[in-house]
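Protein chains: 4
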Amino acid sequence: MVKVGIIGYGYWGPNLARNFFGNPRAELKYIADNRQERLKLAGQLYPKTVFTETPHQVMNDPEVDAVIIATPVFSHYELAKEALQKGKHVLLEKPMTASSKDALALIDLAEEKGLSLMVDHTFLYNGAVRKIKDLVEDNTVGNIQYFDSTRINLGLFQPDINVLWDLAPHDISILLHVIEEKPISVQSTGISHTDNGLENIAYMSLKYKDGIIAHFNCSWTSPVKIRMILIGGDKKMLVYNDMEASEKVKVYDTGYEVKSDADKQKILVDYRAGDIYVPKLDTTEALKYMSEDFIASILDGIQPLSNNTLGYQVVRIIEAAEESLRNGSKEILLNF
Amino acid sequence: MVKVGIIGYGYWGPNLARNFFGNPRAELKYIADNRQERLKLAGQLYPKTVFTETPHQVMNDPEVDAVIIATPVFSHYELAKEALQKGKHVLLEKPMTASSKDALALIDLAEEKGLSLMVDHTFLYNGAVRKIKDLVEDNTVGNIQYFDSTRINLGLFQPDINVLWDLAPHDISILLHVIEEKPISVQSTGISHTDNGLENIAYMSLKYKDGIIAHFNCSWTSPVKIRMILIGGDKKMLVYNDMEASEKVKVYDTGYEVKSDADKQKILVDYRAGDIYVPKLDTTEALKYMSEDFIASILDGIQPLSNNTLGYQVVRIIEAAEESLRNGSKEILLNF
Amino acid sequence: MVKVGIIGYGYWGPNLARNFFGNPRAELKYIADNRQERLKLAGQLYPKTVFTETPHQVMNDPEVDAVIIATPVFSHYELAKEALQKGKHVLLEKPMTASSKDALALIDLAEEKGLSLMVDHTFLYNGAVRKIKDLVEDNTVGNIQYFDSTRINLGLFQPDINVLWDLAPHDISILLHVIEEKPISVQSTGISHTDNGLENIAYMSLKYKDGIIAHFNCSWTSPVKIRMILIGGDKKMLVYNDMEASEKVKVYDTGYEVKSDADKQKILVDYRAGDIYVPKLDTTEALKYMSEDFIASILDGIQPLSNNTLGYQVVRIIEAAEESLRNGSKEILLNF
Amino acid sequence: MVKVGIIGYGYWGPNLARNFFGNPRAELKYIADNRQERLKLAGQLYPKTVFTETPHQVMNDPEVDAVIIATPVFSHYELAKEALQKGKHVLLEKPMTASSKDALALIDLAEEKGLSLMVDHTFLYNGAVRKIKDLVEDNTVGNIQYFDSTRINLGLFQPDINVLWDLAPHDISILLHVIEEKPISVQSTGISHTDNGLENIAYMSLKYKDGIIAHFNCSWTSPVKIRMILIGGDKKMLVYNDMEASEKVKVYDTGYEVKSDADKQKILVDYRAGDIYVPKLDTTEALKYMSEDFIASILDGIQPLSNNTLGYQVVRIIEAAEESLRNGSKEILLNF
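Going down the list, the protein sequences come from chains Z, A, G and R. Just add 363 to the spot in the first sequence (first one is 1) and you have my numbering. Just add 363 to the spot in the second sequence (first one is 1) and you have my numbering. Just add 363 to the spot in the third sequence (first one is 1) and you have my numbering. Just add 363 to the spot in the fourth sequence (first one is 1) and you have my numbering.
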């Protein structure tokens, strides 16, 4: 039984609380938030949980095994550091930290202390992404050639981070989870329509050593809501349309084959457009699996899907994209 | 009555022939193509037209007023130059030429000779784009803030040009037609999955002096066909979905207003999500209007919508995008 | 302040409880259900409410002003009768009763006692139906000529009622609410694929005195979920597609005009296909308005939208449809 | 080589002409139409064909082997009779005749003369219906339990026939082709909004001996165009959506299983909602296969898919539906 305390009961905290409360291997010992009205709300649902306005009460209780941090990203590093130093396992909301340096420091500290440090990239646990991962791993898709993501909406402008920090972690985590090879560089372009200079529209491209490109289209200012990822392999192509009620993943037996030939002047591309297959997806709440994975990483010592290396890489990519945005969209090298 | 000769009777030539044949102010005097079987096909439809395998016969006939060039892009410059030098008005298929230098040279020559030189960017004449142009011009949309285009498909790989040269002219011509301000720089990233190094997926971003961004997503290797343009103004946002059978243009009374305030730390964005309006569109074939516009530019001396300045700018933008692609996606300045 | 007791805490009861709990003019005094585990569930949410396994405790408490009955339909009559006899206002879940005779008896009793008796046809209160009602009332739609409803799904087979009793009340209530004129006859055809003979697919047609037809397609055995109503007027046509996330109601400036003419042999129909308008809808939970309407019917003496006459007519129509089903689809006359 | 003459060059005639012209086993000898302007149009496309205003010239030419009748339905019987009597094979446009009596008389005459008599139900030859037929024949779908068709549009009002005669032949022919068992009765309800009393909206139900129901929703007065057929089997369910550009047929591994049990009070239905499969369809023009089938019925003596028994049954069903419409929607027995 893992005794957990949740710090931050804002937008995502209630979902975390509900799932850890429902997990038979966890006990929801604390919920901390500096807003009394949030604690009052939680109090109606979890009569046995302790509520506090100060996270340190959670950190200082020796009975607490794990701390779940669901606060704004700027506070992640300090809170996670304190928790690790006090011997607690840590689950961090995405994005892991506000800088890659902080992420690496936390990873080192967790390793030194022998503690679990995990990031909640919930999308990795939903039925659609699990199915996509399977289709890539069992070589149904073949060698991946591109990854094209669009996540646009009339969204809430965040006051302290741009649209990439807000929306891209979802898609980057899926990319890193599904494609084993890592990107070698990042470029980004975008625009801010507010005085604070934070981009509300941004495009990001990732290059790979060979044969793969990944592109991300993120916007808070689209009149239509699109959440779509195309993944092209040399055997099959996938479309993951998260706005579809029931046909979220489609597998296209569609492709082209490039023939090697002495005579380069001729087009040597063979087309194929075949059946489409729409697999039934597991509709279990993704957060249920995520919370189980965190508990298992503590009790069973397994490596979680949404591990801290992936969490760090997500941060590093967005950080590099921001560097690109501030420097005339220049290409920023990664070093994974 | 304008006597016209069409050079090139491949994919697009038959549509041009049909429309100029049907135009009461034009006479379809010649069709030239170096493939006998193409001429035979045309012969069944236009019994009074002269068919020839050599374009020079068309150029050398003093009765011919105008030459319509629908051959592969690499041959545009030489054919158009010859026609202009022989005193013919010229209509060029898009893209206008293979280089911006050639485009400028043709424009100079046409001006010197006092001849019409027009480029067939057919999209400018369809009901959807005409409606969009109206909505922008009458200030329904307000100040434009972004233009986001996706044109992807499982398309035919072209043997001599990359996907931008093939697909982007449509969207760039719409952009230049709809937004008066001109872009100041181009950046592009992409990937080639063929030995010839020609990109089959490419992304292109255009920057403007202030407040506008334009982005283009072009691919020959998508399992789904998407042809969608989002145009965001500060009063309304438009979606032009060319794959919709009957609701191609939607006008969203959707937006956000950024308030100026002393305290920059607060978010000062006001949202609005209102009614949607789906205007009925003129479904007349776009090519009919285009052919009328060309004839009017000759007989009535009017400036056509799809004029040669716009044609040149389209070429220059793609040329700069290609330069960006060959140079690590660096930003290439335009000088319009 | 109206003190209410809810009888039945199954599928719909929790939604009723939440809305009456949140209503500032109501007090949720009782929840009754004969299943302890349901009461336990409710107990976590409403600490001040009294829970009981017997509805009679609710009925017998002189402090209770109103009883809300959310039990299976076969028990509606007896429970509502007892409540009315004991001087309580009554809100019944749809369908009102298992027979029209029972519905009329309850209406008489309520009138005699001077008590409110209302039926919860929730659909009448949602933003889409309210908008449709407005568009019909302000004569935007013109004279209504047809009403065509499809409500099909892979649905739960009910053990004691056929698919019409389960699904059609929604659509019939919308019909009766939107069109003032009442139908004069019912016909129905259907099929049962189970041993109990209860139809899992059924079609129902309603005839009117002149110029209107209404048709309903109901199924528990469709692989796709469709919830669509077409309403045709002589000025505009409406489509209400409840499966659309955000564009549920579309108003088509589409129609045909029939011209009277001496010569009947010619077709005298003029077509029109114009703009489409997608109004923004009020997204407030329908049940909130319904609960307010019930409270207002008690405290303010107003006639609720979802009144008992409409509730009775819904029951009578389905009852007649069932009679038609049992008699070779013969036409059954109504007498509204 | 079959020498054919086409009688009627209106809406469908040009498509027939093009396909028989392109058929290597046919020669398009005649096109007859009483409108000179129609013949002129045809003359541009088929320089070797003989054009005439009188069908009798076609009938009387001993060189003509087969006559294709694409005139309004009221003239089908007389023209076909004359052709058969003069020893010509006959292909009739759908619907075969204006009455079932006429259809039977023609079938008898053709048999007596040993001539081919076929009806052009083109839909039977398109890729979607061919695939559906395969999926039913190879028992993928299992025992069929229902057939539900919707064919609605803002359509042209026909001056002499109601909406069933205009639209339902497509769907009835598919039904009869796909399901071997024949219906035993017909019922129909509808409404006319024109003075001529011809229904512009009509619903039709077909009953079977056991376990199957078929229903048709036909309208010329819908603001949206829907062409959808649901076919439910006990193993799979099919959706044929003809408005989809590329995913016209979807195969749902969705169903329910009814268990026989002593205790009839319990629900004994097991649900299943599995993968969806979207087969690639043959996109060859259906009319090409249809014309080949007619020629093969003459030269090779094979029974065509769209044979005259099916053609007769389609007519008989609509005739019975009209009888039902004229008699208060009463059930009309069929006798196939």
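Virtual Cβ for every residue (Gly too), placed ideally from N, Cα, C.
- Taking a beta-carbon distance threshold of 8 Å, G:Gly-618 does not count as an interface residue toward chain A.
- Using a CB distance cut-off of 8 Å, Z:Ser-609 does not count as an interface residue toward chain A.
- Where R:Tyr-571 is concerned, there is no enclosing beta strand (DSSP E), because DSSP gives it neither an H nor an E.
- Assignment of G:Arg-398 by DSSP, reduced to helix, strand and coil, places it in the coil class.
- For the segment 581 to 599 of chain G, residues whose beta-carbon sits nearer than 7 Å to a beta-carbon of chain R comprise Thr-584, Ser-585, Pro-586, Val-587, Leu-593, Gly-595.
- Within the segment 454 to 483 of chain R, not one residue has a Cβ closer than 8 Å to any Cβ of chain G.
- For Z:Lys-496, the enclosing alpha helix (DSSP H) has its first and last residue at 490 to 500.
- With respect to the 8 Å criterion, A:Ile-554 and Z:Tyr-652 are not classified as neighbours on the basis of their beta carbons.
- Relative to the Cα of A:Asn-563, the nearest Cα in the group A:Asn-580, A:Gly-574, A:Leu-569, A:Glu-416 belongs to A:Asn-580.
- Against chain Z, the beta carbon of R:Gly-637 has neighbours under 7 Å at Lys-643, listed in chain order.
- Excluding its 5 nearest sequence neighbours in each direction, A:Lys-449 has C-beta neighbours in its own chain below 6 Å: Met-422, listed in chain order.
- Rounded to whole angstroms, the separation of the alpha carbons of R:Asp-616 and R:Ala-636 is 6 Å.
- In the assembly as shown, R:Met-364 is an exposed residue. Its beta-carbon has fewer than 16 other beta-carbons within 10 Å.
- Residue burial is scored here from C-beta neighbours: G:Glu-682 has at least 16 other C-beta atoms within 10 angstroms and is therefore classed as buried.
- Only Gln-550, Thr-552, Gly-553, Ile-554, His-556, Thr-557, Asp-558, Asn-559, Ile-564, Tyr-566, Ser-568, Lys-570 from the segment 543 to 573 of chain A bring a Cβ to less than 8 Å from some Cβ of chain Z.
- Residue environment for Z:Gln-550: buried (at least 16 other C-beta atoms within 10 angstroms of its C-beta).
- Residues of the same chain with a CB within less than 8 Å of the CB of A:Lys-366, apart from the 5 flanking positions on each side, are Ala-389, Glu-390, Lys-392, Glu-426, Val-427, Asp-428, Ala-429 in chain order.
- Closest by C-alpha distance to A:Pro-532, out of A:Lys-444, A:Val-678, A:His-419, A:Lys-643, is A:Val-678.
- Every beta strand (DSSP E) of 3 residues or more that sits fully in the segment 592 to 662 of chain G is shown, in chain order, as 600 to 604, 612 to 621, 632 to 641.
- DSSP links G:Asn-670 through a beta bridge to G:Met-481.
- Where G:His-533 is concerned, the enclosing alpha helix (DSSP H) starts and stops at 526 to 541.
- An exposed status is given to A:Arg-689, since fewer than 16 other beta-carbon atoms sit within 10 Å of its beta-carbon.
- Contact annotation: G:Ala-466 and G:Gly-674 have beta-carbon atoms nearer than 8 Å.
- The continuous alpha helix (DSSP H) containing R:Ser-463 extends over residues 463 to 476.
- Neighbours of Z:Glu-694 across chain A, judged by C-beta separation under 7 Å: Gly-691, Ser-692.
- The segment 484 to 501 of chain A makes no contact with the segment 595 to 612 of chain Z; the number of CB pairs closer than 8 Å stays below 3.
- Z:Thr-412 and Z:Pro-387 have their C-alpha atoms roughly 15 Å apart.
- Annotated three-state conformation of G:Gly-664 is coil, per DSSP.
- By the C-beta criterion, the segment 498 to 516 of chain G is judged not to be in contact with the segment 433 to 442 of chain G, since fewer than 3 inter-stretch pairs fall below 8 Å.
- Within the segment 375 to 447 of chain R, complete beta strand (DSSP E) segments of at least 3 residues are found at 389 to 395, 413 to 415, 429 to 432, given in chain order.
- Measuring C-alpha to C-alpha distances from A:Ala-461 to each of A:Ser-585, A:Asp-529, A:Leu-472 identifies A:Asp-529 as the nearest.
- When secondary structure is reduced to three states using DSSP, Z:Ile-547 falls in the coil class, being assigned neither helix nor strand.
- Under the 8 Å Cβ criterion, the segment 660 to 676 of chain A does not count as touching the segment 396 to 405 of chain G, having fewer than three qualifying pairs.
- When Z:Ile-658, Z:Val-612, Z:Leu-404 are compared, the shortest CA-CA separation from Z:Asn-382 is found for Z:Ile-658.
- Look at A:Gln-521 here: in three-state DSSP terms it is coil, with no helix or strand label.
- Under DSSP, the beta-bridge partners assigned to G:Ile-564 are G:Ile-554, G:Ser-582.
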